[in-house]
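S.K.:
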Amino acid sequence: MTWTLELKHKQSSFRSAYTETLTELIQRDSRIMVLEADLMKSSATDGLFKAYPEHCINFGISEANMISASGGMSKAGLLPFAHSFAPFATRRALDQLYMSVAYSRNHLFLYGSDAGIWSQRNGGTHTANEDVAVLRSIPTCQVFDPSDPIQFRWLMRQYREQPGFYYVRGSRKNDIKHLYTEDSTFEIGKGVVLHQGSKVAILACGVMVHEALAAADHLRSHGIDPTIVDFFSLKPYDSGLCQHLFATHDLIVVAENASAIGGLGSLVALELARSNHRPRFRHLAIPDAFGEVGSLEFLKAKFKLRSDDIVNEVLSALLQ
Amino acid sequence: MENDLKQWSDRLRLETCLCLIHAKGGHIGGSMSIVETLAVLYGKQLRVDPQRPHWDERDWFILSKGHSGPAYFAALALRGFFDLKVLQTLNADDTILPSHPDSLKTPGVDCTTGSLGQGISQAVGVALALKHQHKPNRVYCIVGDGECNEGQVWEAFQSMVANHLDNLIVFIDNNKGQNDGATKTIHLELNFEPLMMGLGFYTQVVNGNDVVAIDKAIDQAKQRVNQPSVIILNTTKGQGLPFVEAMASNHHIAIDEDIKTKILNALGAKEPA
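Chains as they are written, first to last, in this note's numbering: chain A, 3 to 322; chain B, 17 to 289.
1) What does DSSP give as the partner residues of Asp232/A in its beta bridges?
2) For Ala46/A, name the three-state secondary structure that DSSP assigns.
3) Name the DSSP beta bridge partners of Cys157/B, please?
4) Would you mind working out which of Asp20/B, Leu21/B, Gly45/B sits nearest Thr32/B, comparing C-alpha positions?
5) How about Met75/A: is its C-beta nearer than 9 Å to some C-beta of chain B?
6) Nearest by alpha-carbon distance to Gly225/A: which of Ala217/A, Asp232/A, Val231/A is it?
7) In terms of alpha-carbon separation, which member of Met75/A, Arg162/A, Ser115/A lies closest to Ile136/B?
8) Since Glu56/A meets chain B, which of its residues come closer than 7 Å, beta carbon to beta carbon?
9) From this set, Leu21/B, Ser175/B, Gly256/B, Glu166/B, which residue's C-alpha is nearest Asn281/B's C-alpha?
10) Below 9 Å between beta carbons: does that hold for Ser115/B and Gly85/B?
11) Using a cut-off of 9 Å between C-beta atoms, extract the partners of Gln98/A located in chain B.
12) Please confirm whether Ile78/B has its beta-carbon closer than 9 Å to some beta-carbon of chain A.
13) With C-beta atoms as the reference, is Val170/A less than 9 Å away from Gly118/A?
14) Kindly provide the ranges of any beta strand (DSSP E) runs that are 3 or more residues long and lie completely inside the stretch 113-184 of chain B, ordered along the chain.
15) Output, in chain order, the set of chain A residues within a Cβ distance shorter than 8 Å of Val142/B.
16) Would you call the stretch 145-155 of chain A and the stretch 88-99 of chain A touching, i.e. three or more CB-CB distances under 8 Å?
17) Quickly, what does DSSP pair Ser14/A with across the bridge? List them, please.
18) Can you name the residues that DSSP bridges to Leu211/B?
19) Which whole runs of the alpha helix (DSSP H) in the stretch 67-112 of chain A are 4 residues long or more, in chain order?
20) So is Asp31/A buried or exposed if we call it buried at 16+ other beta carbons inside 10 Å?
21) Taking 9 Å as the threshold (C-beta atoms), are Gln168/B and Gly133/B in contact?
22) Quick one: does Ala178/B have its CB under 9 Å from some CB of chain A?
23) For chain B, check one thing: does any of its Cβ atoms lie closer than 9 Å to the Cβ of Gly265/A?
24) Label Met158/A either buried or exposed according to how many other C-beta atoms from any shown protein chain fall within 10 Å of its C-beta, with 16 as the threshold for buried.
25) Given Ile185/B, which residues of its chain have a CB within under 6 Å of its CB, disregarding the five upstream and five downstream residues?
26) Below 9 Å between beta carbons is the criterion; list the residues of the stretch 188-219 of chain B that meet it against any residue of chain A, in chain order.
27) Measuring only between beta-carbons, confirm whether Pro1/A sits less than 9 Å from chain B.
28) Quick one: is the Cβ of Ala271/A within less than 8 Å of any heavy atom of the ligand FMN?
29) I want to verify the contact list: residues of chain B whose CB lies under 7 Å from the CB of Gly208/A, in sequence order.
30) Near Asp182/B, which residues of its chain fall below 7 Å by C-beta distance, leaving aside the five closest residues on each side in sequence?
31) Assuming Glu18/B is part of the alpha helix (DSSP H), what are its boundary residues?
32) Classify Tyr218/B as helix, strand or coil using the three-state DSSP reduction.
33) Just the Cα atoms here: how many angstroms apart are Ser25/B and Val51/B?
34) For the stretch 84-114 of chain A, which residues have a CB atom closer than 7 Å to at least one CB atom of chain B, in sequence order?
35) Evaluate Asn207/B with the Cβ neighbour count: other Cβ atoms within 10 Å of its Cβ, from every protein chain shown; 16 or more gives buried, anything less gives exposed.
36) Please list the residues of the stretch 105-134 of chain B that have a C-beta atom closer than 9 Å to any C-beta atom in chain A, keeping them in chain order.
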């Protein structure tokens, strides 16, 4: 793991990272396949369908068929990437992910776009908050919520190096500020300690890493210097780092753009239950409720996922 | 060859029944109805090498109606993928022969099936991969008529036509029964021939009890270019065992001493040693 923070202001979308990295991988590896279920224009892979038609299959609106077919492709030696909106990539094809992919030990990079509040104007029907919990419970399935396009790209390259079943959730077309320089590398199962502070540790993944960093800026004005961890690897996850943070901090705050049931908060709480140390624990996540329609800022506010919500949680916990 | 295939299917029916007798029951109805088709595939048509189950140049076979595993396993054993004695371990602790086919457990099983509808989609994926790799290998897949209740089967059929998968030959085992009873009493009995023709398949209907007809249909299907083939097998659930065919419910049966004797008598076989 050799990452460095991006100090310049750079931003790009997950979908541009997806198509650019697929282009790079297709040029290097004949096994790469790009699978869509009538959302190539949404993921912007339509350019790939024109440039590399022999590497691309559009299955039409049939996610279950696409996922099982990806299993057959993997069994025959190919490396499939499949995309859909997170709810259709996961809920819609869950038994196919289970039997045709995981149980069969097939390889698949599954990109669930617009996960959690990223569904924005598509609303509750198109929202997946439970995807982390559900996919984490399937053996062999590795689950990631990368914080920026650089980390997302690294995961795509890593899949080619170490094939397996990767479920990667994230945003789609919004420009995301780059947290890492382009040559940064990571490690599956290892958290990234973005800033070493003291007393308070904020563990976050995906979009919430950005909110955690903003919250840390605010907290410093209150004389609080929190440790910030990018916990992008939700399975496997960094148990050792959790235990170290429990031993060295008084307050653990978890922030995630996913259901409060079964995600990052749950795994950290379980680690905490196993620990001899007893830091206080706070959890910001989407409650056991359905998604809503609206802007990103509206949804962040509604589900208390803003940097201000993290700040308030930290301050109220420390006052108790 | 005709006599050879008939002998193959007779032996396959017997070994499948002995496997089920040893397990004291199982999915006999749908296992019996695909015996002749499996005999033609493993006795003649499939290009496979039992010594190299993952041989790069092999033809692929996927049993989408995975509950008929016992007939599949018996065909693999007869073809030499493993010893016939292994058939006596069906569903036993630590067996390599679980109730439903598992590609990680059983030599010769190409894809894991059992959750209905998924095998045919996996077959689509394999056929697409073989096209991508410019390989001449073929893929064969059996789906059940009851399995066609699953919407995913029709998603896969559409993919076969849309992608011109002439390297994938699908059989529909039209035995007109499913777990809960006769297909027409449970859900909907489909008239497959016009449906499959309408989708754009090269469509043949054959007597699924006739090894020669099945063999010829496969030869015909192999000639098609840019068009997928379906062979609709008119079969009977429990095929070859008249008293099982006559049962009101024969999808999955328990086999006691009485039924065991009836099966062996029907096949003109003796008590296994």
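Positions of the beta carbon are idealized from the N, C-alpha and C atoms, including for glycine. Here the structure is a predicted model, which is why all the values come from computation and not from measurement.
M.R.: Per the coordinate set shown:
1) Looking at the DSSP assignment, Asp232/A forms a beta bridge with Val194/A, Ala206/A.
2) Coil, per DSSP.
3) Partner(s): Ile78/B, Val186/B.
4) A check of alpha carbon separations from Thr32/B across Asp20/B, Leu21/B, Gly45/B identifies Gly45/B as the nearest.
5) Chain B has a Cβ within less than 9 Å of the Cβ of Met75/A.
6) Per the Cα distances, Ala217/A.
7) Of the listed residues, the one whose Cα sits closest to Ile136/B is Met75/A.
8) Within 7 Å Cβ-Cβ: His148.
9) Measuring from the Cα of Asn281/B, the nearest candidate turns out to be Gly256/B.
10) Yes; because the gap between Cβ atoms is below 9 Å, this pair is in contact.
11) Below the 9 Å Cβ cutoff, chain B contributes Ser131, Gly133, Gln134, Ser137, Gln168 as neighbours of Gln98/A, in chain order.
12) Chain A contact via Cβ: present.
13) Between Val170/A and Gly118/A, the C-beta gap is not smaller than 9 Å, which leaves the two residues out of contact.
14) Within the stretch 113-184 of chain B, the complete beta strand (DSSP E) runs of at least 3 residues are 155-160.
15) For Val142/B, the chain A residues whose C-beta falls within less than 8 Å of its own C-beta are Gly74, Met75, Lys77, Ala78, listed in chain order.
16) Two segments are said to touch when three or more pairs of C-beta atoms, one from each, lie closer than 8 Å; by this definition the stretch 145-155 of chain A does not touch the stretch 88-99 of chain A.
17) DSSP lists Ile178/A as partners of Ser14/A.
18) Residue pairing by DSSP leaves Leu211/B without any beta bridge partner.
19) Entirely contained in the stretch 67-112 of chain A, the alpha helix (DSSP H) runs reaching 4 residues are, in chain order, 88-92.
20) Exposed, because fewer than 16 other Cβ atoms sit within 10 Å of the Cβ of Asp31/A.
21) Contact: yes.
22) Yes, Ala178/B counts as interfacial toward chain A.
23) With 9 Å as the cut-off, Gly265/A does not count as an interface residue toward chain B.
24) The residue is buried, with at least 16 neighbouring Cβ atoms inside 10 Å.
25) Excluding five sequence positions before and after Ile185/B, the CB atoms of its chain that fall closer than 6 Å to its own CB belong to Tyr156, Ala237, Ser245, given in chain order.
26) From the stretch 188-219 of chain B, no residue has a Cβ closer than 9 Å to chain A.
27) For chain A, the structure presents residues 3 to 322; residue 1/A sits outside this window and is missing.
28) This structure lacks the ligand FMN; in fact it carries no ligand of any kind.
29) Per Cβ cutoff of 7 Å: no residues; Gly208/A is ~30 Å from chain B at best.
30) Cβ within range, chain order: Arg240, Val241, Asn242, Gln243, Pro244.
31) For Glu18/B, the uninterrupted alpha helix (DSSP H) run begins and ends at 18-38, by DSSP.
32) Reduced to three states, the DSSP call for Tyr218/B is strand.
33) The alpha-carbon separation between Ser25/B and Val51/B amounts to approximately 6 Å.
34) Answer in chain order: Asp97, Gln98, Met101, Ser102, Tyr105, Ser106, Arg107.
35) Exposed, because fewer than 16 other Cβ atoms sit within 10 Å of the Cβ of Asn207/B.
36) Going along the stretch 105-134 of chain B in chain order, one finds Asp118, Ser119, Leu120, Asp126, Cys127, Thr128, Thr129, Gly130, Ser131, Gly133, Gln134 with a Cβ nearer than 9 Å to chain A.
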